[in-house]
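First comes the structure, then the notes that go with it.
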Amino acid sequence: MLFLFVVVTACFGFLVKGEPLSATESYDFAISSESQLSLLKLKETHVNNLQSYKKVLKKHLQKIRRLLKKDLGLEQIAVSQKLLTQQPTSVDFEESMGAMHRLQTVYNLDSYAMTEGFIDAKDRNIKNWSADECLMLGLMYLFLKDYNQSENWLELALYHYDDNLSPEVLKIKLWNYPNLLESLVEANKGLGRYLEAKKYANELLSINPNHTYMLTQLPKLKHLQSNPIKLTKPKKVFQLQKEICSKRYRRKSGVLVCRYVDWTQFLKLAPLKMEELSMKPHISIFYGFLGQKDIEVLKNASRPKLQRVKHLSGNCSCKIGNLSSSSHDVVRKVNELILDITGFPSKGNQMLEVINYGIAGNYNPEDTAKPKIHNKANAFIFLENAGKGGEIVFPSRHLKVRPRKGSMLFWENLKNSVIYHQCPILKGNMWVANKVLN
Ligand SMILES: *[C@@H]1O[C@H](CO)[C@@H](O)[C@H](O)[C@H]1NC(C)=O
Ligand SMILES: *[C@@H]1O[C@H](CO)[C@@H](O)[C@H](O)[C@H]1NC(C)=O
Ligand SMILES: *[C@@H]1O[C@H](CO)[C@@H](O)[C@H](O)[C@H]1NC(C)=O
Ligand SMILES: *[C@@H]1O[C@H](CO)[C@@H](O)[C@H](O)[C@H]1NC(C)=O
Ligand SMILES: *[C@@H]1O[C@H](CO)[C@@H](O)[C@H](O)[C@H]1NC(C)=O
Ligand SMILES: *[C@@H]1O[C@H](CO)[C@@H](O)[C@H](O)[C@H]1NC(C)=O
1 MLFLFVVVTA
11 CFGFLVKGEP
21 LSATESYDFA
31 ISSESQLSLL
41 KLKETHVNNL
51 QSYKKVLKKH
61 LQKIRRLLKK
71 DLGLEQIAVS
81 QKLLTQQPTS
91 VDFEESMGAM
101 HRLQTVYNLD
111 SYAMTEGFID
121 AKDRNIKNWS
131 ADECLMLGLM
141 YLFLKDYNQS
151 ENWLELALYH
161 YDDNLSPEVL
171 KIKLWNYPNL
181 LESLVEANKG
191 LGRYLEAKKY
201 ANELLSINPN
211 HTYMLTQLPK
221 LKHLQSNPIK
231 LTKPKKVFQL
241 QKEICSKRYR
251 RKSGVLVCRY
261 VDWTQFLKLA
271 PLKMEELSMK
281 PHISIFYGFL
291 GQKDIEVLKN
301 ASRPKLQRVK
311 HLSGNCSCKI
321 GNLSSSSHDV
331 VRKVNELILD
341 ITGFPSKGNQ
351 MLEVINYGIA
361 GNYNPEDTAK
371 PKIHNKANAF
381 IFLENAGKGG
391 EIVFPSRHLK
401 VRPRKGSMLF
411 WENLKNSVIY
421 HQCPILKGNM
431 WVANKVLN
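Residues 1 to 438 in full-length UniProt numbering are what the sequence shown lists, from first letter to last.
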């Protein structure tokens with residue numbers, strides 16, 4: 001319910017404002033208002049995940065201010081209607097909230113550090129999170145009954161509350177100080193801190209003496225204080241991923257073989273450097289597999305096709321576009337090169353899929369230990385370097401491979417087990433191309 005409230009609030013916030021935005025292409029994840037920017041760092045050209053986009057923010061804020069200065073006329077309403085399809089949907093919101101949850105859990109991130117853009121201490125341009133963003137995460141954790149995290153975020157919202165000086169801006173954000181107090185009561189109640197909860201309840205009642213819900217809560221809190229109940233622990237999630245991604249992996253020396261591949265006529269002209277990471281199962285990297293120009297072509301060709309894939313959505317935070325050999329010469333070349341290098345027959349393989357990651361993006365089609373579908377091998381081409389995160393881990397081989405633009409990672413899958421795992425991306429605008437071989 002609360003979650004729905006968050007989503008509805010966020011979406012409604014846009015309807016009221018009708019801020020025309022400069023989404024360059026409709027495939028992009030759109031960004032709506034200031035209050036949602038930090039949660040929606042998914043827009044391809046501006047993706048920098050947890051960092052704030054000072055430039056974008058400034059531009060958007062100026063537009064919002066301009067719109068606020070005049071009453072919304074028919075023209076603005078028409079613009080907002082037209083742009084509605086480019087606006088974030090409830091799916092976008094749910095995905096970004098889930099992504100924040102995953103990042104914070106997997107990498108054990110401190111809320112306070114997150115609000116200050118912890119990733120890059122050198123970057124002085126990082127804009128601190130505002131009260132809205134903290135409130136949203138506080139509400140999400142409240143919804144998940146993770147009261148400790150919820151209380152952390154709500155306290156941060158309280159801390160940043162005074163930054164929102166303009167009452168106009170607050171009004172369009174559709175929440176107010178009493179809403180924050182109410183959530184703080186709930187979080188503290190969940191933590192068994194009844195004294196604190198009462199403090200916030202009384203503050204709320206001093207502002208709004210007829211608050212019906214709080215009037216019934218106060219006696220309950222008093223009762224709980226003298227008759228404490230057993231508290232429930234939050235459900236643990238993303239534990240497997242946390243274990244895999246927080247571990248340190250050391251490369252074993254002596255096993256590695258580096259050599260040049262010139263198996264075919266074409267490769268004889270342009271041999272590739274190969275590094276063998278594991279013999280059983282077979283895992284290797286081919287450096288310089290794709291050049292900058294071909295990478296651009298693949299991205300361009302996939303852009304109009306990028307979409308969420310149902311069975312991945314939520315945990316992948318990505319959009320995928322399938323490309324057939326007939327769609328572009330470069331796609332055909334890539335497909336042929338993959339088959340040449342790996343020796344796989346051309347039949348039975350899937351199309352080349354180009355993947356663009358959003359916040360906390362990670363391509364793990366099956367989270368379970370026993371996959372339903374057995375694919376023989378993957379050829380995974382990195383089209384970007386990630387700023388942080390996004391590594392492919394082979395837990396059983398103690399291997400962790402960092403994304404390296406233009407290189408192709410090839411691995412054989414073992415029957416009945418998932419052999420690889422990708423860690424959520426922390427920073428950077430990540431693209432890959434993947435081909436499933438059979
Ligand atoms: C962010 O907040 C910290 C501490 O609250 C402050 O020192 C820093 O100057 C702020 N950064 C910006 C860009 O406002
Ligand atoms: C609650 O959050 C604080 C701050 O993040 C952390 O230090 C503490 O370990 C958490 N407690 C529990 C029980 O998770
Ligand atoms: C609260 O309710 C009482 C009686 O029901 C009314 O007289 C008073 O004006 C209300 N106060 C506020 C702040 O709405
Ligand atoms: C996403 O991850 C969670 C936690 O690991 C898991 O419970 C859920 O089933 C996953 N969802 C999908 C669609 O794979
Ligand atoms: C990719 O698309 C961009 C923008 O449409 C264009 O400027 C660029 O030339 C294209 N690159 C290639 C290699 O096709
Ligand atoms: C791409 O193709 C695979 C099968 O080859 C299919 O499962 C997937 O849904 C397709 N994705 C898109 C975005 O069309």
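We treat Cβ as the ideally placed atom computed from N, Cα and C, and that holds for glycine.
Shown here for Tyr112: same chain residues with a beta carbon closer than 7 angstroms to its own, the five before and five after excluded, namely Leu156 in chain order.
In this structure the segment 217–235 touches the segment 143–151; the number of beta carbon pairs closer than 8 angstroms is three or more. The DSSP-derived three-state label of His282 is coil. Taking 8 angstroms as the cut-off, the Cβ atoms of Met136 and His101 do not count as close. If you look at Met214, you'll find it in the alpha helix (DSSP H) that goes 212–226.
Segment contact: the segment 387–406 against the segment 331–343, fewer than three CB-CB distances shorter than 8 angstroms; contact not assigned. The closest CA to that of Asn413, considering only Lys199, Lys273, Asn375, is found on Asn375. At least one heavy atom of ligand 6 lies less than 7 angstroms from the C-beta of Asn322. According to DSSP, residue pairing for Cys245 in a beta bridge does not occur. Straight across, the Cα-Cα distance linking Val354 with Ala386 is about 16 angstroms. Nearest C-alpha to Asp262 among Gly343, Leu142, Gln241: Gly343.
At a threshold of 7 angstroms, Lys333 does not count as near ligand 5, since its beta carbon sits no closer than that to any of the ligand's heavy atoms. Taking 8 angstroms as the cut-off, the Cβ atoms of Tyr260 and Lys268 do not count as close. For Asn438, the closest C-alpha among the options Glu384, Ser346, Pro424, Ile419 is that of Ser346.
When distances are taken from the beta-carbon of Glu296 to the heavy atoms of ligand 5, the shortest one is below 7 angstroms.
Between the segment 323–333 and the segment 415–423, the count of C-beta pairs closer than 8 angstroms stays below three; the two stretches do not touch.
Shown here, Ile359 sits in coil according to DSSP, grouped into three states, outside any helix or strand. Taking a C-beta distance under 8 angstroms as the contact criterion, Leu352 and Lys435 qualify as a contact pair. Within 10 angstroms of the beta-carbon of Thr115 lie 16 or more other beta-carbons, which makes it buried.
Put simply, of Gly390, Leu277, Gln350, His223 the residue whose alpha carbon is nearest the alpha carbon of Ser324 is Gln350. If the five residues before and after Ser284 are omitted, its C-beta is found closer than 7 angstroms to the C-beta atoms of Met274, Glu275, Glu276, Leu277, Phe410, all from its own chain and listed in chain order.
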